[in-house]
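Enquirer: The structure under discussion is supplied below as structure tokens; questions concerning it will follow.
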């Protein structure tokens with residue numbers, strides 16, 4: 001890979017691809033067309049710059065135009081049973097997206113020339129006529145910016161932008177913050193979305209260091225700082241070695257050994273200095289041995305790797321001690337480290353983590369950010385968005401366009417070019433969602449809620465299986481994508497692009513499972529959906545869903561008539577069986593796909609015949625049935641309002657879910673039926689569900705009156721996934737749940753009730769219903785294909801039944817199972833393949849359970865001065 005001449009740097013380097021950074025330079029890049037990096041930059045709507053002493057960062061928003069499906073109730077073509085129930089078409093959709101670029105500040109003039117050439121002709125940009133600028137350069141370069149761009153420079157406070165950017169990432173980007181454990185497995189421990197992020201200490205390490213205590217959205221103060229920062233490391237490193245680039249210095253530090261230069265306690269005392277608690281490997285004097293070099297000609301010249309490592313330890317330990325002292329002084333338990341000095345470099349994070357843990361005895365938590373370098377740029381951008389009622393929006397990471405964390409195990413094994421590719425934190429794309437997403441009010445412990453049942457970063461066997469499974473399934477997804485657009489001339493090309501990009505992502509996750517946060521089945525599914533959208537396949541199952549909805553709707557009347565002819569106890573059982581049988585129709589399950597493709601007449605009765613015979617793997621039906629019957633409806637409804645998160649289109653929603661909804665309505669319970677806001681697999685979407693509810697109400701007077709009276713409400717969940725993250729659902733749904741006094745939540749499907757929310761607890765009763773359509777997963781539960789989960793968890797009672805240890809699929813009994821048995825063994829133990837309990841710890845240190853830190857042979861013991869600081873142990877956190 002050829003290197004770009006410095007003199008031509010910003011003319012050429014602003015057309016680079018961020019994830020392919022050039023050898024030994026995080027500011028340079030390879031020469032590629034700008035469209036590959038600066039997506040839609042000519043349509044940029046808003047602009048912000050953070051100009052620091054060493055680096056400048058650019059944030060801009062653009063309008064991304066893509067296709068989406070639209071359903072409408074205007075039939076114009078005869079369907080297979082007469083007129084179609086609805087038609088499907090594609091429409092153009094606009095999505096606002098936030099992008100980032102970085103460069104060395106000394107190239108600011110060339111950068112402005114680039115902006116002038118690419119953005120100044122944009123109608124939206126001209127209308128704005130002002131850009132937000134923060135950092136010290138907002139003052140230094142004001143005249144230059146105004147003369148180059150002809151716009152007004154709106155200077156915004158750097159510290160305020162820094163805090164706002166940090167708050168934004170912590171609140172909106174799942175797994176943005178993490179602890180780093182060099183000797184852990186995995187090395188990264190992610191926080192997830194934390195609704196209670198305050199208070200915290202933000203240590204921003206750029207050219208210098210600023211420490212800010214943040215107590216709320218608008219209450220913060222700078223409480224300290226030091227001039228010993230990233231600029232010190234870069235400057236001294238350049239003076240002491242021939243290395244000139246920041247990343248080159250970090251790479252040298254990774255390879256070096258500080259002990260030939262640093263004077264240790266054992267160099268002075270011959271071992272430990274036990275009287276004052278100093279270990280022999282503690283650094284007594286940074287670069288202490290170098291002072292003897294001039295008087296001792298027998299000592300060889302120090303190599304540059306050792307010099308840089310010693311320098312990095314010296315600066316990191318000082319910053320760590322200052323941060324610890326300030327955190328302790330102000331009673332703060334969380335320290336977030338940001339700035340381009342950190343940049344996700346494993347050894348740097350390890351030195352900072354070790355220093356904080358050493359001095360605090362594990363009482364203060366050191367944390368890092370995936371996109372730490374853009375805090376000020378994000379904050380400046382948000383200052384402008386505030387003028388557009390930004391609080392009415394929410395934001396979500398674009399998984400298809402964002403880069404991940406570096407693999408700690410590959411920092412020295414790969415070439416410099418590969419290393420920089422993997423260590424690039426800068427590529428971040430965030431989509432704007434048109435309304436806020438809020439936590440589900442029914443969750444019992446919002447702070448402790450974690451949607452995913454298994455973290456694949458901790459379970460190697462499960463990780464290997466699911467990565468292989470999705471790698472194989474991607475080929476089927478590609479074929480379905482091509483089939484969904486038969487009249488498109490470039491469908492094959494775009495589908496192949498999806499396959500290449502998705503499999504490339506899977507391969508990178510094999511190398512570093514933590515690259516994008518917690519690796520889960522949900523994240524793998526969501527990444528597939530995101531890449532399909534980027535390749536202009538908004539809904540590859542739209543035609544299949546339309547066909548199946550049409551077929552199922554014509555069978556609804558007969559299904560309801562059959563159910564009405566049954567006595568209540570038997571009707572409730574058949575409703576549950578229908579609910580489960582409908583869930584079999586899942587095009588996301590490869591083995592089910594084979595069945596559906598081989599038989600055009602596979603119906604609800606056929607699916608019901610494949611279900612596990614009772615007693616089911618998780619069988620709480622008797623408790624559920626008893627709960628409904630003993631309430632004596634409709635005089636006394638069993639529940640005030642039920643919230644149901646449904647799954648698939650076709651047989652599932654129409655013949656399985658809607659009869660279940662109808663039964664609750666007939667018992668006097670109001671129902672909120674929730675569907676995805678956007679397509680994913682063959683899951684029913686809100687727009688489709690609205691039309692299906694209307695057609696179903698035309699068939700059944702109970703449904704018709706409930707819909708007209710507002711007792712049956714169809715709402716969008718705010719989700720775009722086959723799984724369900726109850727931390728982020730549509731604000732209108734949240735409001736309606738509270739207004740209706742929802743006291744029952746029903747979650748359907750493998751993705752929503754097994755891969756996620758299996759261990760979720762609620763203030764109200766919960767019913768989790770799913771058919772396990774994956775043989776490998778079923779065996780982990782000690783079951784087989786089409787094993788059943790019908791789990792009823794009553795509020796205030798120990799959560800539902802555990803999987804049976806016997807072989808329930810061999811049972812031929814069709815009688816009702818015995819009353820629900822409660823096992824103290826959590827179902828998580830079955831999913832984790834005999835592993836110990838899946839503790840999602842928020843601690844990310846290298847300390848033992850008492851908070852005591854060990855050197856682990858890395859020579860990272862902080863300086864001897866630390867032993868003189870009195871430590872007051874605090875209680876267990």
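Residue numbers (UniProt numbering): 1 to 877.
In this text, a Cβ means the ideal position worked out from N, Cα and C, and glycines have one as well.
Please read all numbers here as calculations on a predicted model, not as lab measurements.
Select from 217, 154 and 202 the residue whose C-alpha is nearest the C-alpha of residue 211.
Expert: It is 202.
Enquirer: Does the beta-carbon of residue 628, which I'm using as the reference point, lie nearer than 7 angstroms to any heavy atom of the ligand COA?
Expert: Inclusion of the ligand COA in the displayed structure is not the case, the ligand content being empty and no account of it being possible.
Enquirer: Taking the beta carbon of residue 447 as the centre, do at least 16 other beta carbons fall within 10 Å, making it buried, or is it exposed?
Expert: Residue 447 comes out exposed.
Enquirer: Based on the DSSP output, what are the partners of residue 392 in its beta bridges?
Expert: Bridge partners of residue 392: none, in fact.
Enquirer: Exposed or buried, what is residue 139 when buried is set at 16 or more other beta-carbons lying within 10 Å of its beta-carbon?
Expert: Exposed, by the Cβ-count rule.
Enquirer: Ignore the nearest five residues each way along the sequence and tell me which others in residue 191's own chain have a CB closer than 6 angstroms to its CB.
Expert: So the list reads 177, once near-sequence residues are dropped.
Enquirer: Output needed for residue 436: all residues of its chain with C-beta closer than 8 angstroms, excluding positions within five of it in sequence on either side, in chain order.
Expert: For residue 436, where only same-chain residues beyond five positions count, the Cβ hits under 8 angstroms are 391, 392, 393, 394 and 731.
Enquirer: Report the residue from 680, 144 and 784 whose alpha carbon sits nearest the alpha carbon of residue 752.
Expert: Ranking 680, 144 and 784 by Cα distance to residue 752 puts 680 first.
Enquirer: Note the first and the last residue of the continuous alpha helix (DSSP H) segment covering residue 659.
Expert: Looking at the DSSP string, the run of the alpha helix (DSSP H) that includes residue 659 is 658-666.
Enquirer: What does DSSP give as the partner residues of residue 69 in its beta bridges?
Expert: Looking at the DSSP assignment, residue 69 forms a beta bridge with 90.
Enquirer: Closest by CA to residue 449, which one among 457, 767 and 727?
Expert: It is 727 whose Cα lies nearest to the Cα of residue 449.
Enquirer: For residue 164, decide whether its Cβ has a neighbour in chain C, counting only Cβ atoms nearer than 8 angstroms.
Expert: Here chain C cannot be found, since the structure has a single protein chain.
Enquirer: Find out if the Cβ-Cβ distance for the pair residue 205, residue 100 is shorter than 8 angstroms.
Expert: No; because the gap between Cβ atoms is not below 8 angstroms, this pair is not in contact.
Enquirer: In terms of residue numbering, what span does the beta strand (DSSP E) encompassing residue 349 cover?
Expert: Premise fails: residue 349 lies in the alpha helix (DSSP H), 346-360, not in any beta strand (DSSP E).
Enquirer: First and last residue of the beta strand (DSSP E) that includes residue 748?
Expert: Its beta strand (DSSP E) spans residues 744-748.
Enquirer: Might you give, ordered along the chain, the residues of its own chain that have their beta carbon closer than 7 angstroms to the beta carbon of residue 563, omitting 5 neighbours on each side?
Expert: Answer for residue 563: 571, 574, 575 and 659, listed in chain order.
Enquirer: DSSP three-state call for residue 712: helix, strand or coil?
Expert: Three-state DSSP puts residue 712 in a strand.
Enquirer: Just verifying my parser: in three-state terms, what is the DSSP assignment at residue 605?
Expert: Helix at residue 605.
Enquirer: Quick check on residue 834: buried or exposed, where buried means 16 or more other Cβ atoms within 10 Å of its Cβ?
Expert: For residue 834, the predicted model reports a pLDDT of 34, less than 50, meaning its position is unreliable and no value from the coordinates is stated.
Enquirer: Going by CA-CA distance only, name the one from 531, 793, 209 and 590 that's closest to residue 318.
Expert: The shortest Cα separation from residue 318 among 531, 793, 209 and 590 belongs to 209.
Enquirer: Please report the distance separating the alpha-carbon of residue 237 from that of residue 230.
Expert: In a straight line, the C-alpha of residue 237 is about 10 angstroms away from that of residue 230.
Enquirer: For residue 333, which residues in the same chain have their Cβ closer than 7 angstroms to its Cβ, ignoring the five residues on either side in sequence?
Expert: Only 364 and 365 meet the Cβ criterion.
Enquirer: Thinking C-alpha only, which one of 561, 508, 522 and 499 is nearest residue 532?
Expert: Out of 561, 508, 522 and 499, 499 has the C-alpha closest to the C-alpha of residue 532.
Enquirer: Which stretch, first to last residue, makes up the beta strand (DSSP E) that contains residue 200?
Expert: Residue 200 -> beta strand (DSSP E) spans 200-205.
Enquirer: Since residue 372 is in the beta strand (DSSP E), which residue starts that stretch and which ends it?
Expert: Premise fails: residue 372 is in no beta strand (DSSP E) and is neither H nor E.
Enquirer: Report all residues from its chain with a CB closer than 7 angstroms to the CB of residue 695; omit the five preceding and five following residues, and keep chain order.
Expert: Only 85 and 553 meet the Cβ criterion.
Enquirer: Where DSSP assigns a beta bridge to residue 222, which residues make up the other side?
Expert: Paired residues: 212.
Enquirer: If we ignore side chains and look at the alpha-carbon of each, how far apart do residue 606 and residue 65 end up?
Expert: Looking at the two C-alpha atoms, the distance is approximately 43 angstroms.
Enquirer: Should residue 919 be labelled buried (16 or more other beta-carbon atoms within 10 Å of its own) or exposed?
Expert: With the chain covering 1 to 877 only, the question about residue 919 has no answer from this structure.
Enquirer: Output the boundary residues of the alpha helix (DSSP H) element that contains residue 402.
Expert: No alpha helix (DSSP H) holds residue 402; DSSP gives it neither H nor E.
Enquirer: Can you tell me whether residue 719 is buried or exposed, with buried defined as 16 or more other CB within 10 angstroms of its CB?
Expert: Residue 719 is buried by the Cβ-count criterion.
Enquirer: Give, in chain order, every unbroken run of the alpha helix (DSSP H) that is at least 4 residues long and sits entirely within the stretch 624-696.
Expert: For the stretch 624-696, whole alpha helix (DSSP H) runs of length 4 or above, ordered along the chain, are 658-666.
Enquirer: With a threshold of 7 angstroms on Cβ separation, who are the neighbours of residue 656 within its own chain once the five nearest residues in sequence on each side are excluded?
Expert: The answer, listed in chain order, is 578, 579, 581, 582 and 583.
Enquirer: Output yes or no for whether 8 angstroms exceeds the beta carbon distance between residue 786 and residue 519.
Expert: In this structure, residue 519 does not lie closer than 8 angstroms to residue 786 by Cβ.
Enquirer: Quick one: give me the first and last residue of the alpha helix (DSSP H) that residue 491 is part of.
Expert: Residues 491-511.
Enquirer: On a CA-only basis, which of 703, 637 and 625 is nearest residue 661? Give me that one, please.
Expert: Comparing Cα-Cα distances from residue 661 to each of 703, 637 and 625, the minimum goes to 703.
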